[in-house]
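Quick notes on the structure that follows.
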Amino acid sequence: MAKLGFLGLGIMGYPMARNLLRAGHEVALWSHTAEKARRLAAEEKGRFCETPREAAAGADCVFIIVGDTRMSREVILGAGGIVEGVRRSAVVVDASTISPSESRAMGQELQAKGAEFLDAPCTGSTAGAEGGTLTFMIGGDQAVFERTRPFFEPMGKRLYYCGGPGMGLNAKLAQNLILSNILMAFNEGMVLATKAGVDPKLMLDILENSAAKTGLISYKAPFVFRRDFHPNFSTKWMHKDTGLILDLGKELGIPLVLTGVTQQLLQAAVSAGLGEEDMCSTIKTLENLAGVEVRSQ
232 MAKLGFLGLG IMGYPMARNL LRAGHEVALW SHTAEKARRL AAEEKGRFCE TPREAAAGAD
292 CVFIIVGDTR MSREVILGAG GIVEGVRRSA VVVDASTISP SESRAMGQEL QAKGAEFLDA
352 PCTGSTAGAE GGTLTFMIGG DQAVFERTRP FFEPMGKRLY YCGGPGMGLN AKLAQNLILS
412 NILMAFNEGM VLATKAGVDP KLMLDILENS AAKTGLISYK APFVFRRDFH PNFSTKWMHK
472 DTGLILDLGK ELGIPLVLTG VTQQLLQAAV SAGLGEEDMC STIKTLENLA GVEVRSQ
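In short: position in the sequence shown from 1, add 231, done, that's this note's numbering.
In structure tokens form, the structure reads like this:
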């Protein structure tokens with residue numbers, strides 16, 4: 232079994248790190264909220280660490296999953312960061328969804344210290360993190376990925392090698408572009424149907440048996456119907472991701488018209504106080520305008 236570090240114990244990171252511990256790995260744990268790291272260390276015989284530097288010291292591979300680019304940079308390159316403790320030939324894997332260009336730059340700084348770096352954003356929401364069934368999209372040196380593949384396996388069942396540095400993030404952002412726009416189409420369609428008098432459950436059954444069927448709608452609709460907006464993937468994080476998508480589109484010279492509108496709709500939801508709720512709560516902004524509520528009878 233390997234010596235690993237795991238940094239970032241939010242709704243995704245906590246169960247991911249727990250799965251590594253239950254697979255028998257020795258895992259050093261750090262979280263911005265120290266109590267989370269202390270609790271997981273006590274529950275699963277991990278090792279609590281005061282700083283990212285301490286968690287990286289002596290590890291064969293260090294995983295990170297934090298909220299945004301600024302957090303990732305701070306954990307990797309900030310005072311007391313991974314760069315100060317990581318040993319030569321160790322691999323740093325950032326599973327956060329962040330800026331591809333910033334990720335490449337951080338990888339270069341780590342490589343200058345003799346460490347290896349992979350960008351490996353994941354998808355599958357909280358249920359995938361809990362069940363060890365996440366999908367990872369990996370960018371970086373393929374030989375380094377193959378060397379670290381066994382460490383991914385307790386956390387995910389689909390591992391896609393996408394190419395060189397930043398390519399995992401490029402794939403993840405393209406996926407989230409499609410997801411976010413589907414979500415907004417679902418919101419509009421269901422509010423329209425409900426306002427027109429179509430029962431939401433009937434409308435979902437129609438969607439499930441048509442070309443409009445999607446995994447996102449199948450998964451999220453029941454949460455909307457029972458008004459359960461506990462975060463599996465928060466509105467604020469999808470809003471952040473659409474910003475990254477638009478930045479990437481600008482870099483590549485690609486107009487992303489629908490995604491620009493979607494980001495503004497996500498901003499409206501965040502401004503209405505829905506940032507901490509699941510992204511499917513965005514339907515409430517349109518419901519409020521339409522004067523209806525999409526729920527099961």
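For every residue, glycine included, the Cβ atom is placed at its ideal position computed from N, Cα and C. Note that the structure is predicted; figures quoted are calculated from it, not measured.
Of the listed residues the options, nearest to residue i (C-alpha basis)
{"i": "G363", "options": "K344, K388 and A273", "result": "K388"}
{"i": "G395", "options": "I476, K471, R335 and G255", "result": "R335"}
{"i": "Q498", "options": "M415, L271 and E347", "result": "M415"}
{"i": "L505", "options": "E281, D459, T282 and R380", "result": "D459"}
{"i": "P227", "options": "Y245, E275, R270 and R304", "result": "Outside the displayed range of the chain (232 to 528) lies residue 227, so it cannot be described from this structure."}
{"i": "G298", "options": "V322, G241, G338 and E347", "result": "G241"}
{"i": "E275", "options": "L475, S527, H263 and A254", "result": "A254"}
{"i": "R526", "options": "I296, E508, P381 and V422", "result": "V422"}
{"i": "N418", "options": "L475, L517, L477 and K344", "result": "L517"}
{"i": "A286", "options": "A427, E257 and L341", "result": "E257"}
{"i": "D478", "options": "V429, I329 and A272", "result": "I329"}
{"i": "N250", "options": "Q528, L433 and M386", "result": "M386"}
Separation of residue j from residue i, as counted between CA atoms
{"i": "S332", "j": "M510", "result": "26 Å"}
{"i": "E266", "j": "G311", "result": "19 Å"}
{"i": "V492", "j": "V306", "result": "32 Å"}
{"i": "G399", "j": "F383", "result": "14 Å"}
{"i": "D372", "j": "L349", "result": "7 Å"}
{"i": "G484", "j": "L438", "result": "34 Å"}
{"i": "A351", "j": "F376", "result": "10 Å"}
{"i": "Q495", "j": "T366", "result": "28 Å"}
{"i": "P453", "j": "R319", "result": "48 Å"}
{"i": "Q406", "j": "L447", "result": "12 Å"}
{"i": "G522", "j": "G420", "result": "15 Å"}
{"i": "T425", "j": "K515", "result": "13 Å"}
{"i": "V317", "j": "G309", "result": "13 Å"}
{"i": "F237", "j": "L252", "result": "10 Å"}
{"i": "S262", "j": "A500", "result": "28 Å"}
{"i": "A503", "j": "K467", "result": "11 Å"}
{"i": "E315", "j": "R378", "result": "23 Å"}
{"i": "Y588", "j": "P381", "result": "There is no way to answer for residue 588, as the model of the chain reaches only from 232 to 528."}
Integer-rounded CB distance, given that residue j should sit under 8 Å from residue i
{"i": "A233", "j": "D325", "result": "Incorrect: roughly 18 Å between the Cβ atoms, too far for contact."}
{"i": "N412", "j": "T300", "result": "About 22 Å separates the two Cβ atoms, so there is no contact after all."}
{"i": "S327", "j": "I295", "result": "6 Å"}
Beta-bridge partners of residue i, as assigned by DSSP
{"i": "C292", "result": "L235 and V322"}
{"i": "V258", "result": "L235"}
{"i": "T354", "result": "T366"}
{"i": "Y392", "result": "I369"}
{"i": "L526", "result": "A quick correction: the sequence has Arg, not Leu, at residue 526. Paired residues: none, contrary to the question."}
{"i": "G387", "result": "L365"}
{"i": "G509", "result": "With the sequence shown as reference, residue 509 is identified as Asp, and Gly is not the correct amino acid for it. BP columns for D509 point to S465."}
{"i": "R457", "result": "Per DSSP, none; premise fails for R457."}
Checklist entry - Three or more C-beta pairs closer than 8 Å, one from the region 448-466 and one from the region 355-366: is that the case here? => result yes
Checklist entry - Counting pairs of Cβ atoms below 8 Å between the region 465-480 and the region 440-455, do you hit three or more? => result no
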